[in-house]
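**Q** In our numbering, the protein residues as written are 6 to 434. Here a beta-carbon is modelled for each residue, glycine too, at the ideal position from N, C-alpha and C. Only a predicted model underlies this, so the values are computations on that prediction, with no experimental measurement involved. Before we start, here is the structure in question, set down as structure tokens.
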Amino acid sequence: MWRFAIQNLISRPVRSLLALAGLSVAITGMVGLFSVAEGINRMVSETFSRIPVLAIMQAGAPLPLFSRMPAAWGDEIESMPGVRVVNPEVWTRVNVMMGERVIAPPRFLFGTGIAAREKLKADVYRDAMVEGRFLNASDRGQLHAVISRQIAEDHDVGVGEELAVNGDPLEIVGIYHCGQLMLDVSIILDIDVVRRLNRFDRQSVCAFYVEPDGTVEDQVLVNKIRERFRGREVKTSEGIPGVLATGHPLIDLLLAIQNWLSARGDPLTSPPVHNDPEAEPIEVRTASDWGERFKEFSADLNLFLSVMTGIGVVIAVLSIINTMLMSVTERIVEFGILKANGWNRRDVMLLITCESAVLGVTGGIIGCLLGLAGTSIVNSTWPDRLQLYASPSLLIFSFFFSTFLGISGGLYPATWAMKLSPMEAIRRG
Numbered sequence: 006m007w008r009f010a011i012q013n014l015i016s017r018p019v020r021s022l023l024a025l026a027g028l029s030v031a032i033t034g035m036v037g038l039f040s041v042a043e044g045i046n047r048m049v050s051e052t053f054s055r056i057p058v059l060a061i062m063q064a065g066a067p068l069p070l071f072s073r074m075p076a077a078w079g080d081e082i083e084s085m086p087g088v089r090v091v092n093p094e095v096w097t098r099v100n101v102m103m104g105e106r107v108i109a110p111p112r113f114l115f116g117t118g119i120a121a122r123e124k125l126k127a128d129v130y131r132d133a134m135v136e137g138r139f140l141n142a143s144d145r146g147q148l149h150a151v152i153s154r155q156i157a158e159d160h161d162v163g164v165g166e167e168l169a170v171n172g173d174p175l176e177i178v179g180i181y182h183c184g185q186l187m188l189d190v191s192i193i194l195d196i197d198v199v200r201r202l203n204r205f206d207r208q209s210v211c212a213f214y215v216e217p218d219g220t221v222e223d224q225v226l227v228n229k230i231r232e233r234f235r236g237r238e239v240k241t242s243e244g245i246p247g248v249l250a251t252g253h254p255l256i257d258l259l260l261a262i263q264n265w266l267s268a269r270g271d272p273l274t275s276p277p278v279h280n281d282p283e284a285e286p287i288e289v290r291t292a293s294d295w296g297e298r299f300k301e302f303s304a305d306l307n308l309f310l311s312v313m314t315g316i317g318v319v320i321a322v323l324s325i326i327n328t329m330l331m332s333v334t335e336r337i338v339e340f341g342i343l344k345a346n347g348w349n350r351r352d353v354m355l356l357i358t359c360e361s362a363v364l365g366v367t368g369g370i371i372g373c374l375l376g377l378a379g380t381s382i383v384n385s386t387w388p389d390r391l392q393l394y395a396s397p398s399l400l401i402f403s404f405f406f407s408t409f410l411g412i413s414g415g416l417y418p419a420t421w422a423m424k425l426s427p428m429e430a431i432r433r434g
């Protein structure tokens, strides 16, 4: 039966190829679209799984870049039971690098408290060093920087050479490589140097990187820190520009997540109301917090992608129905003769279903291969901007979904052909 079905499809090459092309394109688009969502989910989960600490930022700030808090709060946090190290951070945007305007991908000056950083048991940047050394006490107040391998390759610089950032010559003392888009964008310096270069308020920080000592559960510690600062007011000269774009598509997506959560009235992302004793001026985030928030956003993103994929799927199904219906119409006499020679209705229906299933299976294989190749091409072409991921589960689902579409597309033509009696089929022919 399968051999007979394949021979029938080959005997009508143009129509079969058009139906196959329509289904393959639909499956390719499905794999491509959902690989965007899976790539983002994978990037976020892998990034935050490498940061087993607490991140404290101003309430309403989607990223440390847009956060401002009093630096003195770090001492209060460090004095709390369960806290081992508090590392202050200052983040600013790089506008010009080596005389060229920086737009996309973005680069950031990351100022860190070197003394506190040296106390950390785990440091995502220090543990990812591939050349040179990380910052130490001798780098305090100096224009010494640790940069990502991506930045080093983009500007053809190495350890011991200078990198001009915003007009200031920075001496490269080390190079790191995390392999994550959200991490390999930083130029790391002493926090006071970043403040000086950017006229950043010396009494303020963007975030606190808190390493627990393990004596208190993370969620308990989070609640205690939030309670400690409840009702306080963060005084800044400007509001948090949450709608600004950084130029990085994935980082800007996180900004979109922030705006989406704020629109829903998320209590953890809404700006505090001044003079409200119950207002929370800070957010304390764990890796699991990011994961939970992103799952909510991913659900809406997947819904949008499903609608977009559905358009292609409908076109593909209509193409298969048209192909099989025309094939059945042209072969009415053939079916009449087959029935007259002992074929029953089930045999005719099985033949047409097999033909449509062959289209579905072949279209699924081609679509999955094209989708996988497309994601690889995109990732290799823009390695510092996009990280698509076509997971095995996505490819397997796409293949079986294509097979299901092929079989479904042949059901109506098969049912119609099945109802014809042998004599009626011969007369129609």
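State buried or exposed for R200, treating a residue as buried only when at least 16 other CB atoms are found within 10 Å of its CB.
**A** Buried: at least 16 other Cβ atoms inside 10 Å.
**Q** Spatial neighbours of V91 within its chain, please: C-beta separation below 7 Å, excluding the five flanking residues on both sides.
**A** Hits under 7 Å: G79, I82, E83, A121, F213, V215.
**Q** Do you know offhand how far S267's Cα is from G65's?
**A** Residue confidence for S267 is low, a pLDDT of 48 falling below 50, so the modelled location carries little weight and cannot support an answer.
**Q** What's the call for S311, buried or exposed, on a 16-neighbour Cβ count within 10 Å?
**A** Per the 10 Å Cβ criterion, exposed.
**Q** Pull up the DSSP beta-bridge partners for Y130, would you.
**A** DSSP lists no partner for Y130.
**Q** Roughly how many whole angstroms lie between the Cα atoms of L356 and V366?
**A** Using only the alpha carbons, I get a separation of about 15 Å.
**Q** Is D195 buried or exposed, if buried means 16 or more other CB atoms sit within 10 Å of its CB?
**A** Burial call: buried.
**Q** Mind checking which residues open and close the alpha helix (DSSP H) that includes W78?
**A** 78 to 83 is the span of the alpha helix (DSSP H), which, as asked, contains W78.
**Q** For S72, which residues of its own chain have a beta-carbon under 6 Å away from its beta-carbon, when the five flanking residues on both sides are left out?
**A** These residues qualify, in order along the chain: M62, Q63, A66, C211, A212.
**Q** Alpha carbon to alpha carbon, how far is G372 from S178? Give it in angstroms, no decimals.
**A** It should be noted that the sequence gives Val, not Ser, for residue 178. Rounded to the nearest angstrom, the two C-alpha atoms are 47 Å apart.
**Q** Taking the alpha carbon of M103 as the point to measure from, which residue in I15, H160, G165 has its own alpha carbon closest?
**A** Cα-wise, what sits closest to M103 is H160.
**Q** Rounded to a whole number of angstroms, what is the C-alpha to C-alpha distance between D218 and I287?
**A** Approximately 21 Å between the Cα atoms of the pair.
**Q** Out of curiosity, what's the CA-to-CA distance linking L23 and W387?
**A** For L23 and W387, the distance between alpha carbons rounds to 32 Å.
**Q** If you draw a straight line from the alpha carbon of H149 to that of G116, how long is it in whole angstroms?
**A** Taking the straight line from one Cα to the other gives about 11 Å.
**Q** With 16 as the cutoff for other CB atoms within 10 Å, does P86 come out buried or exposed?
**A** With fewer than 16 Cβ atoms within 10 Å of its Cβ, P86 is classed as exposed.
**Q** Can you tell me whether V225 is buried or exposed? The criterion is at least 16 other CB atoms within 10 Å of its CB, across all chains shown.
**A** By the neighbour-count rule (16 or more Cβ atoms within 10 Å), V225 is not buried but exposed.
**Q** Give me the Cβ distance between G411 and L364, rounded to the nearest whole Å; I'm assuming they're in contact under 8 Å.
**A** Correct: roughly 5 Å between the Cβ atoms.
**Q** Look up N327 in the DSSP assignment and say whether it is helix, strand or coil.
**A** Residue state, collapsed to three classes: helix.
**Q** Span of the beta strand (DSSP E) holding I357?
**A** First-last for I357: 350 to 386, but that is the alpha helix (DSSP H), not the beta strand (DSSP E).
**Q** Under the three-state reduction of DSSP, which class applies to M62: helix, strand or coil?
**A** If DSSP states are grouped into helix, strand and coil, M62 belongs with the strands.
**Q** Measure the Cβ-Cβ separation of P75 and W96 and say whether it is below 8 Å.
**A** Going by C-beta atoms, P75 is not nearer than 8 Å to W96.
**Q** For T251 and P111, I'd like the C-alpha separation in whole angstroms.
**A** With a pLDDT of 49 at T251, under the threshold of 50, the modelled position of that residue is not reliable, and no figure is offered here.
**Q** How about L59 and T291: do their beta carbons lie closer than 8 Å?
**A** Cβ atoms of L59 and T291: closer than 8 Å.
**Q** Within its chain, find whatever has a CB closer than 8 Å to the CB of Q147; leave out the 5 residues flanking it on each side and keep chain order.
**A** E176, D195, V198.
**Q** Evaluate N346 with the Cβ neighbour count: other Cβ atoms within 10 Å of its Cβ, from every protein chain shown; 16 or more gives buried, anything less gives exposed.
**A** When all chains shown are included, N346 counts as exposed.
**Q** Can you tell me whether F4 is buried or exposed, with buried defined as 16 or more other CB within 10 angstroms of its CB?
**A** There is no way to answer for residue 4, as the model of the chain reaches only from 6 to 434.
**Q** Give every residue of the same chain whose Cβ lies closer than 7 Å to the Cβ of I11, excluding the five residues on either side of it in the sequence, and list them in chain order.
**A** Result list for I11: V363, in chain order.
**Q** Could you check the C-alpha separation between A133 and G172 for me, to the nearest Å?
**A** Roughly 27 Å between the two C-alpha positions.
**Q** Considering I177, what are the terminal residues of the beta strand (DSSP E) in which it resides?
**A** I177 -> beta strand (DSSP E) spans 173 to 181.
**Q** Could you give the DSSP three-state label for R204: helix, strand or coil?
**A** Note: R204 maps to coil in three-state DSSP.
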